[in-house]
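The numbering of the sequence shown is the numbering used here, which starts it at 251 and goes up by one.
C-beta atoms are modelled at their ideal positions from N, C-alpha and C, and glycine is treated no differently.
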Amino acid sequence: MIINLPDTDTRVIARQLVTLRETGGIVTTGRVLTLIVLAQGDDDLETIIKTVNSVSREHPARVLVLVAGEPRGASRLDAELRLGGDAGAAEVVVMHMEGEVGAHPEAIVTPLLLPDTPVVAWWPSTPPQVPAATPIGQIAQRRITDSLADPDANAVYTRRTGYTPGDSDLAWSRLTAWRGVLASALDSPPHGPITAARIEGPGEDPSVDVAAGWLADRLAVPVLRVVTDEPEVPVDADGVAKPPVTKVTLSRPGEDGTPTDVIVEVENATTACVTIMGSPPFKVALSRRTTVDCLAEELRHLDPDTAYARALRGLGRIRRLTAQQAREAEDGSLDDGSSASGSPSVSAFAHDPEESSR
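Given below as structure tokens:
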């Protein structure tokens with residue numbers, strides 16, 4: 251069911267929702283949270299709505315989609331209510347904001363929040379520099395961004411400087427399966443100490459940088475982040491998207507000095523090869539996670555994600571090089587001051603996100 255409410259206000263929207271609940275059998279007692287989606291006018295709105303509809307099957311919610319319009323035009327609020335089959339297990343209210351009304355999104359959503367349930371905010375494309383400092387961010391327990399969809403080339407480093415407990419990013423959620431594969435490989439003997447790490451992937455995919463930060467924080471060893479020539483979303487020979495991190499090598503000397511390095515390399519969209527030097531390589535299933543998978547994971551835990559905060563902290567300890575620079579570093583011809591083109595300096599992002607959660 252889709253109901254259009256042109257040139258309306260929140261009182262009319264709230265009243266219409268009550269009417270539908272009383273006359274149409276729409277049940278809200280099963281809703282577990284209010285999800286506020288902050289979209290831009292040029293975002294793919296239907297894809298965003300399909301995503302939250304799919305997520306709602308695991309997390310029934312009232313979804314308030316705020317679409318920013320022209321801020322200098324006449325003040326106007328147009329709403330669209332989607333319920334039943336058009337909203338999955340959610341109750342979706344899409345609101346297009348024009349003019350002055352768009353400057354006060356918190357005033358629009360407050361009358362529509364479900365009582366006594368958590369509030370989560372999701373920016374599917376362009377988020378503010380400090381989500382927690384915005385009016386919507388201040389009423390949300392969790393604030394979810396997506397650095398991959400952010401036009402800011404250094405978005406993940408911006409997340410680092412503006413981190414507040416309760417922040418998270420889908421760039422981090424995309425790594426869950428990959429982290430599991432790597433942890434499983436390290437559980438296999440031998441169990442010597444890791445002395446260095448090298449991680450490879452597209453330069454424009456922030457998940458690779460976050461993965462490098464995670465390794466730097468957890469292992470406390472030098473981490474080299476190598477920028478490959480692959481597109482932002484790498485694909486296999488069949489054109490199917492692969493996981494963000496295309497290869498990781500963990501250096502680990504054996505007891506007799508023989509290397510027992512751990513290597514996880516993506517072969518195609520569904521498979522990775524795990525090699526532990528001295529043992530036969532083996533294949534594991536590893537696919538790129540969808541936005542639905544990542545958003546659903548973020549909604550499973552609403553407490554601050556300290557692992558993500560520590561991964562951001564680790565960004566300050568990685569060395570970022572192009573593939574050519576990495577080869578020069580291996581043969582000793584690279585100037586130690588070199589860094590990958592376009593990569594931010596560590597000193598520019600000296601803020602420690604872990605400090606914010608203490």
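Environment of residue i [buried if 16+ CB atoms lie within 10 Å]
i	result
residue 592	Its pLDDT being 43, under 50, residue 592 is placed unreliably in this model, and the coordinates cannot settle the point.
residue 600	Below a pLDDT of 50, predicted positions are generally treated as unreliable, and residue 600, at 39, falls in that range; the measurement from the model is reported next regardless. Under this definition residue 600 is an exposed residue.
residue 346	buried
residue 451	buried
residue 551	exposed
residue 484	buried
residue 489	exposed
residue 594	Residue placement at residue 594 is poorly supported in this model, since its pLDDT is 46, which falls under 50; the coordinates are not used for a value here.
residue 360	exposed
residue 605	Only weak support exists for where residue 605 lies, its pLDDT of 49 falling under 50; the value from the coordinates is given anyway. By the 10 Å Cβ count, residue 605 comes out exposed.
residue 479	exposed
residue 580	exposed
residue 341	buried
residue 449	buried
residue 252	exposed
residue 459	buried
residue 325	exposed
Rounded Cβ spacing between residue i and residue j (contact assumed at less than 8 Å)
i	j	result
residue 398	residue 457	7 Å
residue 522	residue 534	5 Å
residue 314	residue 370	The pair is not a contact, with the Cβ atoms about 11 Å apart (cut-off 8 Å).
residue 323	residue 349	5 Å
residue 280	residue 310	5 Å
residue 549	residue 283	7 Å
residue 568	residue 475	5 Å
residue 422	residue 558	5 Å
residue 289	residue 331	Actually they do not touch by this definition, with Cβ atoms about 17 Å apart.
residue 477	residue 372	Residue 477 to residue 372, Cβ: 28 Å. No contact.
residue 364	residue 312	5 Å
residue 538	residue 491	5 Å
Where the beta strand (DSSP E) containing residue i begins and where it ends
i	result
residue 462	Premise fails: residue 462 lies in the alpha helix (DSSP H), 456-469, not in any beta strand (DSSP E).
residue 417	417-419
residue 549	Counting along the chain, residue 549 falls outside any beta strand (DSSP E), and DSSP gives it neither H nor E.
residue 372	369-372
residue 535	532-535
residue 392	392-395
Among the options, nearest to residue i - alpha-carbon criterion
i	options	result
residue 319	436, 352, 426 and 525	352
residue 526	438, 559, 464 and 576	438
residue 375	496, 400 and 255	400
residue 446	503, 367, 356 and 344	503
residue 262	465, 514, 327 and 342	327
residue 554	343, 416 and 266	416
residue 609	309, 258, 501 and 310	The structure shown does not extend to residue 609, since the chain is modelled only from 251 through 608, so no value can be given for it.
residue 528	539, 505, 536 and 541	505
residue 426	321, 568, 464 and 567	464
residue 321	255, 355 and 384	355
residue 430	386, 499, 536 and 530	536
residue 256	270, 574, 329 and 560	329
residue 367	391, 495, 317 and 344	391
Extent of the continuous alpha helix (DSSP H) run through residue i
i	result
residue 378	No alpha helix (DSSP H) holds residue 378; DSSP gives it neither H nor E.
residue 438	Neither: residue 438 is in no alpha helix (DSSP H) and is coded neither H nor E.
residue 357	355-359
For residue i: DSSP bridge partner residues
i	result
residue 288	316
residue 513	499 and 525
residue 347	318 and 327
residue 452	478
residue 254	330
residue 473	447 and 568
residue 485	491
residue 311	283
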